[in-house]
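**Q**
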Ligand SMILES: Cc1cc2nc3c(=O)[nH]c(=O)nc-3n(C[C@H](O)[C@H](O)[C@H](O)COP(=O)(O)OP(=O)(O)OC[C@H]3O[C@@H](n4cnc5c(N)ncnc54)[C@H](O)[C@@H]3O)c2cc1C
């Protein structure tokens with residue numbers, strides 16, 4: 003079988019799409035081959051639980067680049083194609099067609115796979131997980147004939163899907179291990195604010211419940227929790243987190259981080275093998291800003307790391323120092339933004355007016371900002387980012403008073 007050669011081999015979708023654009027933007031004129039398992043060209047996933055799920059946006063709206071861009075920019079796009087193996091010594095990959103591709107530099111941005119709940123009844127029809135366009139299409143199609151949807155999970159996927167479906171008129175019940183929705187990331191108080199908002203729109207919550215079984219004849223019509231509670235619905239959507247997809251990297255012998263399960267990279271996003279980089283959900287990198295290893299599953303980070311890896315590939319390697327940013331929309335009822343991530347904190351400082359739907363929360367750890375959440379106060383987020391990146395000491399009473407005063411100029415803290 004013929005052997006193809008690519009100067010830059012990009013494996014994946016979303017982050018790889020951004021890597022390809024950045025390579026061309028920066029004047030790299032070597033051959034680029036982008037290989038992705040899905041049928042669509044690289045696309046962003048946030049709309050799948052939001053406007054695309056609600057039928058308010060087209061598939062193409064989510065594409066990283068228009069389909070024509072790849073040909074116009076000399077990027078060979080192989081969709082619907084799996085990379086089966088990677089030989090780091092020989093610097094080749096094998097595609098599912100049996101073809102071998104030689105490369106000089108490679109990006110592994112293989113994303114993540116959803117956690118499947120393997121309990122009794124798991125093979126029943128109408129149990130949905132959400133990662134790709136097809137999942138979103140299937141949820142929308144089944145929800146059209148459903149009176150009530152049961153969502154399993156207390157994080158942003160379940161909350162966003164419930165908000166989207168309820169805003170279109172379908173009743174939703176959310177079952178979660180957490181006592182309060184979204185509390186793992188934002189704490190109990192902020193989580194309660196979001197949960198109460200969703201409850202005020204008619205979404206029901208069952209907190210502190212672990213799924214025991216799915217029940218139904220041919221399709222799921224209820225979930226049963228381990229406390230014996232039965233929650234009925236016409237279909238189920240599960241949002242139980244994801245695991246980085248490191249299959250190709252692991253088999254190739256790249257170092258995998260034991261704690262976060264990602265591909266171990268240095269500060270510049272280079273893996274344990276020279277010339278092979280990682281970006282996005284699979285990338286575990288040494289973060290100078292946080293002083294620790296970090297792997298996050300955020301849209302913005304995948305985009306920026308794809309671009310950053312491109313610069314590393316063309317010899318402009320720099321430490322990746324962006325503060326991770328995340329956003330989420332609950333229908334058009336609330337939009338949140340977040341920088342961090344704060345894994346734990348010893349104090350929260352609230353700013354603004356939660357009752358009026360505009361506030362910020364600063365999460366402090368050892369007297370420094372470890373994370374910040376904003377709702378309708380984007381202007382605070384930039385300041386929070388600087389405070390976090392610069393490690394500004396905000397332990398004093400004056401600094402805390404500034405953080406808590408909605409009319410203060412937070413710029414004063416970083417001068
Ligand atoms: C429904 C949903 C909503 C989201 N909403 C938000 C949000 O509001 N805000 C936010 O910040 N983040 C959000 N995210 C997370 C964000 O979308 C991800 O962090 C981002 O997509 C990660 O990009 P990536 O390029 O690392 O991986 P992906 O987008 O998963 O792309 C990886 C691609 O690699 C392919 N692949 C894997 N293995 C191989 C192989 N061997 N050969 C070829 N191809 C392979 C996969 O099939 C996949 O297409 C959301 C995610 C989902 C699922």
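In the working numbering, the protein residues as written are 3 to 417. Even glycine gets a Cβ: it sits at the ideal position worked out from N, Cα and C.
1. Buried or exposed: residue 246, going by 16 or more other Cβ atoms within 10 Å of its Cβ?
2. Taking one C-beta from the region 77 to 86 and one from the region 32 to 42 each time, how about it: are there three or more such pairs within less than 8 Å?
3. Is residue 43 near ligand 1, going by C-beta to nearest heavy atom under 7 Å?
4. Does any heavy atom of ligand 1 sit closer than 7 Å to the C-beta of residue 221?
5. Using the C-alpha atoms, what's the distance from residue 401 back to residue 138?
6. Output the distance between the C-alpha atoms of residue 20 and residue 257, rounded to the nearest integer angstrom.
7. Output the residue ranges of the beta strand (DSSP E) runs that lie fully inside the region 298 to 332 and measure 3 residues or longer, sorted by chain position.
8. Assign residue 379 to one of two classes, buried (16 or more other C-beta atoms within 10 Å of its C-beta) or exposed (fewer than that).
9. Can the beta-carbon of residue 335 be found closer than 8 Å to that of residue 199?
10. Could you tell me whether the Cβ atoms of residue 302 and residue 322 are closer together than 8 Å?
11. Determine the closest residue to residue 206 out of 234, 407, 241, with distance taken between C-alpha atoms.
12. When the distance is taken between beta carbons, is residue 130 closer than 8 Å to residue 117?
13. How about residue 121 and residue 232: are their beta carbons less than 8 Å apart?
14. Per the contact definition of three or more C-beta pairs closer than 8 Å, is the region 160 to 173 in contact with the region 353 to 369?
15. Could you name the residues of the same chain whose beta carbon sits closer than 8 Å to that of residue 224, not counting the 5 residues immediately before and after it, in chain order?
16. Can you find the residues in the same chain that come closer than 8 Å, C-beta to C-beta, to residue 300, ignoring five residues on each side of it along the sequence?
17. Over the uninterrupted alpha helix (DSSP H) stretch that includes residue 1, give me the two end residues.
18. Does the beta carbon of residue 23 fall short of 7 Å from some heavy atom of ligand 1?
19. With hydrogens ignored, establish whether the beta-carbon of residue 284 is closer than 7 Å to any heavy atom of ligand 1.
20. Would you grab the beta carbon distance between residue 213 and residue 119 for me? Rounded to a whole angstrom, and I think it's under 8 Å.
21. Spatial neighbours of residue 262 within its chain, please: C-beta separation below 6 Å, excluding the five flanking residues on both sides.
22. Pop quiz: residue 24 and residue 308 are said to be a contact at Cβ under 8 Å. What is the actual Cβ separation, rounded to whole angstroms?
23. Any contact between the region 62 to 76 and the region 333 to 352? By contact I mean 3 or more CB pairs, one from each, below 8 Å.
24. What is the rounded straight-line gap between the Cα of residue 391 and the Cα of residue 284?
25. Hey, would you say the C-beta of residue 76 is under 7 Å away from at least one heavy atom of ligand 1?
26. So, are the CB atoms of residue 125 and residue 14 less than 8 Å apart?
27. Rounded to the nearest angstrom, what separates residue 293 and residue 176 at their Cα positions?
28. Give the range of the alpha helix (DSSP H) segment to which residue 195 is assigned.
29. Give me the residue from 102, 89, 158, 87 with the minimum Cα distance to residue 49.
30. Here's a check: name, in chain order, each residue in its chain whose Cβ is nearer than 8 Å to the Cβ of residue 318, leaving out the five neighbours to either side.
31. Among 290, 315, 132, 397, whose alpha-carbon lies nearest the alpha-carbon of residue 47?
32. Which runs of the beta strand (DSSP E), 3 residues or longer, sit entirely within the region 327 to 390?
33. In or out: residue 143 buried (at least 16 other Cβ within 10 Å) or exposed?
34. What is the residue span of the alpha helix (DSSP H) that residue 72 lies within?
35. Tell me which same chain residues have a C-beta within less than 7 Å of the C-beta of residue 306, skipping the five on either side of it?
36. Is it the case that the Cβ atoms of residue 311 and residue 271 are separated by a distance below 8 Å?
**A** In this structure, then:
1. Mapped onto the chain shown, residue 246 falls at position 244. By the 10 Å Cβ count, residue 246 comes out buried.
2. The region 77 to 86 vs the region 32 to 42: in contact.
3. Here residue 43 refers to the residue found at position 41 of the chain shown. Set against 7 Å, the gap from the CB of residue 43 to the closest heavy atom of ligand 1 is not smaller.
4. Taking the chain shown and counting its residues from 1, the one referred to as residue 221 is at position 219. Every heavy atom of ligand 1 is 7 Å or more from the Cβ of residue 221, so no.
5. Counting from 1 along the chain shown, the entry for residue 138 is found at position 136. Counting from 1 along the chain shown, the entry for residue 401 is found at position 399. Distance between the alpha carbons of residue 138 and residue 401: 45 Å.
6. As a first step, residue 20 must be located in the chain shown, where it is residue number 18. As a first step, residue 257 must be located in the chain shown, where it is residue number 255. Roughly 24 Å separates the two Cα atoms.
7. The region 298 to 332 contains, as complete beta strand (DSSP E) runs of 3+ residues, the segments 327 to 332 (chain order).
8. Translated into the one-based positions of the chain shown, residue 379 becomes position 377. Residue 379 should be labelled buried.
9. For the purposes of this step, residue 335 is identified with residue 333 of the chain shown, where counting begins at 1. For the purposes of this step, residue 199 is identified with residue 197 of the chain shown, where counting begins at 1. Going by C-beta atoms, residue 335 is nearer than 8 Å to residue 199.
10. Position 300 of the chain shown, counting from 1, holds the residue named residue 302. Position 320 of the chain shown, counting from 1, holds the residue named residue 322. Cβ distance not < 8 Å, so residue 302 and residue 322 don't count as in contact.
11. Within the chain shown, numbered from 1, the residue matching residue 206 stands at position 204. Selected option, being the one with the closest Cα: 234.
12. What you label residue 117 is simply residue 115 of the chain shown in a count that begins at 1. What you label residue 130 is simply residue 128 of the chain shown in a count that begins at 1. No, Cβ-Cβ distance for residue 117 and residue 130 is not below 8 Å.
13. The count along the chain shown starts at 1 and reaches residue 121 at position 119. The count along the chain shown starts at 1 and reaches residue 232 at position 230. For residue 121 and residue 232, no; Cβs fall outside 8 Å.
14. Flag = no, the region 353 to 369 and the region 160 to 173 do not touch.
15. Taking the first residue of the chain shown as position 1, residue 224 is located at position 222. Same-chain partners within the cutoff: 152, 216, 217, 218, 232, 233, 234, 235.
16. By 1-based counting over the chain shown, the position of residue 300 is 298. Contacts found: 326, 327, 328.
17. With the chain represented from 3 up to 417, any question about residue 1 goes unanswered, as that position is not in the structure.
18. For the purposes of this step, residue 23 is taken as the residue at position 21 of the chain shown. Residue 23 has its Cβ no nearer than 7 Å to any heavy atom of ligand 1.
19. Residue numbering aside, residue 284 sits at position 282 when the chain shown is read from its first letter. Yes, ligand 1 has a heavy atom inside 7 Å of this Cβ.
20. By one-based count along the chain shown, residue 213 stands at place 211. By one-based count along the chain shown, residue 119 stands at place 117. Correct: roughly 6 Å between the Cβ atoms.
21. Walking along the chain shown from the start, residue 262 turns up at place 260. Excluding positions up to five away in sequence, the list reads 286, 297.
22. Within the chain shown, numbered from 1, the residue matching residue 24 stands at position 22. Within the chain shown, numbered from 1, the residue matching residue 308 stands at position 306. The Cβ separation is near 7 Å, so the contact holds.
23. With the cut-off at 8 Å, the region 62 to 76 and the region 333 to 352 do not touch.
24. Sequence index remark: in the chain shown, residue 391 carries index 389 (1-based). Sequence index remark: in the chain shown, residue 284 carries index 282 (1-based). Taken atom to atom, the span from the alpha-carbon of residue 391 to that of residue 284 is near 23 Å.
25. For this step, residue 76 is matched to residue 74 along the chain shown. Here the distance from the Cβ of residue 76 to the nearest heavy atom of ligand 1 is not below 7 Å.
26. Taking the first residue of the chain shown as position 1, residue 125 is located at position 123. Taking the first residue of the chain shown as position 1, residue 14 is located at position 12. Going by C-beta atoms, residue 125 is not nearer than 8 Å to residue 14.
27. Taking the first residue of the chain shown as 1, we reach residue 293 at position 291. Taking the first residue of the chain shown as 1, we reach residue 176 at position 174. Approximately 36 Å, taken between the alpha carbons.
28. On the chain shown, residue 195 is found 193 positions in, with the first residue counted as 1. Note, residue 195: alpha helix (DSSP H), 185 to 202.
29. Position 47 of the chain shown, counted from the start, is the residue given in the question as residue 49. Comparing Cα positions, the closest option is 158.
30. Here residue 318 is taken as the residue at index 316 of the chain shown, counted from 1. Excluding residues within five positions, the ones whose Cβ falls inside 8 Å are 28.
31. As a position in the chain shown, residue 47 is number 45, starting the count at 1. Of 290, 315, 132, 397, the smallest CA-CA separation from residue 47 is found for 132.
32. For the region 327 to 390, whole beta strand (DSSP E) runs of length 3 or above, ordered along the chain, are 327 to 332, 336 to 341, 349 to 355, 360 to 367, 370 to 377.
33. As a first step, residue 143 must be located in the chain shown, where it is residue number 141. By the neighbour-count rule (16 or more Cβ atoms within 10 Å), residue 143 is not buried but exposed.
34. Numbered from its first residue, the chain shown carries residue 72 at position 70. Where residue 72 is concerned, the enclosing alpha helix (DSSP H) starts and stops at 69 to 74.
35. Position 304 of the chain shown, counting from 1, holds the residue named residue 306. So the list reads 324, once near-sequence residues are dropped.
36. For the purposes of this step, residue 311 is taken as residue 309 along the chain shown, with counting starting at 1. For the purposes of this step, residue 271 is taken as residue 269 along the chain shown, with counting starting at 1. Yes.
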